[in-house]
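Chains as they are written, first to last, in my numbering: chain F, 1355 to 1465; chain H, 12 to 123.
Don't be surprised by glycine CBs; every beta carbon is placed ideally from N, CA and C.
In this text the structure is predicted, and so the values were computed from the model without any measurement.
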Amino acid sequence: QKEVEQNSGPLSVPEGAIASLNCTYSDRVSQSFFWYRQYSGKSPELIMSIYSNGDKEDGRFTAQLNKASQYVSLLIRDSQPSDSATYLCAVNPNNNNDMRFGAGTRLTVKP
Amino acid sequence: IAGITQAPTSQILAAGRRMTLRCTQDMRHNAMYWYRQDLGLGLRLIHYSNTAGTTGKGEVPDGYSVSRANTDDFPLTLASAVPSQTSVYFCASSRTGAYGYTFGSGTRLTVV
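In structure tokens, the structure reads:
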């Protein structure tokens, strides 16, 4: 079992819809959780961080964390074609240099 | 503009040659990292440094070395390149490990 698992996609949603990206992790003691967006040929860009159970909202993005289920998700409301990218889930079990990345989910938002 | 600068942007390298990938940050971040990204394998940590003067091995350190003489610079050296080191290399930094990372623009390396 991979430490951080994501559905590779592609996930396709129409413009204006809600895109839901999911991630599970294996280390129960994980403390820090992140979502990065990576456009094709570009570097990852941090878009959300979440540290405690529940929801965290930032603009059109909402991160959801459920530590009991070892599950973290990213919701993108009112999806735009410019949201088309690969989204990487990352987990840092001990808040040190041990960040583990999922392989990413490719999202396509169709006009 | 604050951020991380990597050089070169891309490189084709003959097997057996030595190569240093450069990484410089101006955010005064304590921690710096080198990752490689390969299709289907995602980002894998090569080496890290929690603070100037210290370094550590990540998931895939073999064939690579790093140094951290000061806060800003974190070069990655391939002593004798092999084709399996063909990859995209990203340098990243963070205030501490608890924070998310800022990534450089990457170096695309092809070893032939």
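Between residue i and chain F, is any beta-carbon pair separated by less than 9 Å?
i      : result
Y46/H  : yes
L67/H  : The question names Leu, yet the displayed sequence has Gly at residue 67/H. Cβ-Cβ to chain F under 9 Å: yes for G67/H.
A109/H : yes
F85/H  : no
L56/H  : yes
A80/H  : no
L89/H  : no
Y59/H  : yes
A42/H  : yes
Y75/H  : no
Quick check on residue i: buried or exposed, where buried means 16 or more other Cβ atoms within 10 Å of its Cβ?
i       : result
V1383/F : exposed
A92/H   : buried
N1407/F : exposed
S104/H  : buried
T1459/F : buried
L50/H   : exposed
A1422/F : exposed
G1370/F : exposed
S1404/F : The question names Ser, but residue 1404/F is Ile in the sequence shown. The residue is buried, with at least 16 neighbouring Cβ atoms inside 10 Å.
G53/H   : buried
N1451/F : buried
Are any of the Cβ atoms in chain H nearer than 9 Å to that of residue i?
i       : result
A1444/F : yes
P1398/F : yes
G1456/F : yes
Q1418/F : no
S1403/F : yes
Y1390/F : yes
In the DSSP output, what is residue i paired with across the bridge?
i       : result
F101/H  : Y46/H
G1408/F : L1419/F
Y1393/F : Partner(s): none; Y1393/F has no beta bridge.
Q1360/F : C1377/F
P1368/F : K1464/F
R1454/F : V1445/F
G67/H   : Y59/H
The segment 1428-1441 of chain F contacting the segment 1362-1378 of chain F, beta-carbon criterion three pairs below 8 Å = yes
Three-pair Cβ contact test at 8 Å for the segment 12-19 of chain H versus the segment 87-99 of chain H = no
Scan the segment 17-62 of chain H and note each continuous beta strand (DSSP E) run of 3 residues or more that stays entirely inside, going in chain order.
-> 21-24, 30-36, 42-49 and 53-60
Stretch pair the segment 33-45 of chain H + the segment 81-90 of chain H: three plus CB contacts closer than 8 Å = yes
Touch test, the segment 1409-1429 of chain F against the segment 65-74 of chain H, Cβ-Cβ under 8 Å, three pairs minimum = no
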